[in-house]
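So my numbering is basically just the index in the sequence shown, starting at one, shifted up by 1. Each residue gets a CB set at the ideal place from its N, CA and C atoms; glycine is no exception. For clarity, every value in this text was computed on a predicted model and none was experimentally measured.
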Amino acid sequence: MRVKIDPDICTGCELCVTTCPEVYKMEGDKSIVIANTVPRDAEASCRKAVEECPVEAIIIVEE
């Protein structure tokens, strides 16, 4: 599983970073993906971040 963040939509609320720090981090005022592939043990928290993103800026890319 991989994820992408649309930087044009991201508001920098940091919810994804708090929920799944293994995959996301802040860079300036936007969140970025730091893992090419989501670690298996982080998939549940990563999906939670996708579901809870208030502006739906995170996209899951299934492999």
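Helix, strand or coil for residue i per DSSP?
i: Val56; result: coil
i: Glu63; result: coil
Nearest to residue i by alpha carbon, out of the options?
i: Cys11; options: Glu57, Arg41, Lys26, Met2; result: Glu57
Just the Cα atoms here: how many angstroms apart are residue i and residue j?
i: Ile35; j: Glu63; result: 17 Å
i: Tyr25; j: Pro40; result: 12 Å
i: Thr38; j: Lys31; result: 20 Å
i: Arg48; j: Gly29; result: 23 Å
Who are the near neighbours of residue i in its chain, counting only those whose CB is closer than 8 Å to its CB and skipping five residues on each side?
i: Pro55; result: Thr12, Cys14, Leu16
Taking buried to mean at least 16 other C-beta atoms within 10 Å of its own C-beta, is residue i buried or exposed?
i: Ile6; result: buried
Leaving out the 5 sequence neighbours to the left and right, which residues in its chain are closer than 7 Å to residue i when beta-carbon positions are compared?
i: Glu44; result: Met2
With a CB to CB cut of under 6 Å and the five nearest residues on each side skipped, what residues in its chain are close to residue i?
i: Pro8; result: Lys31
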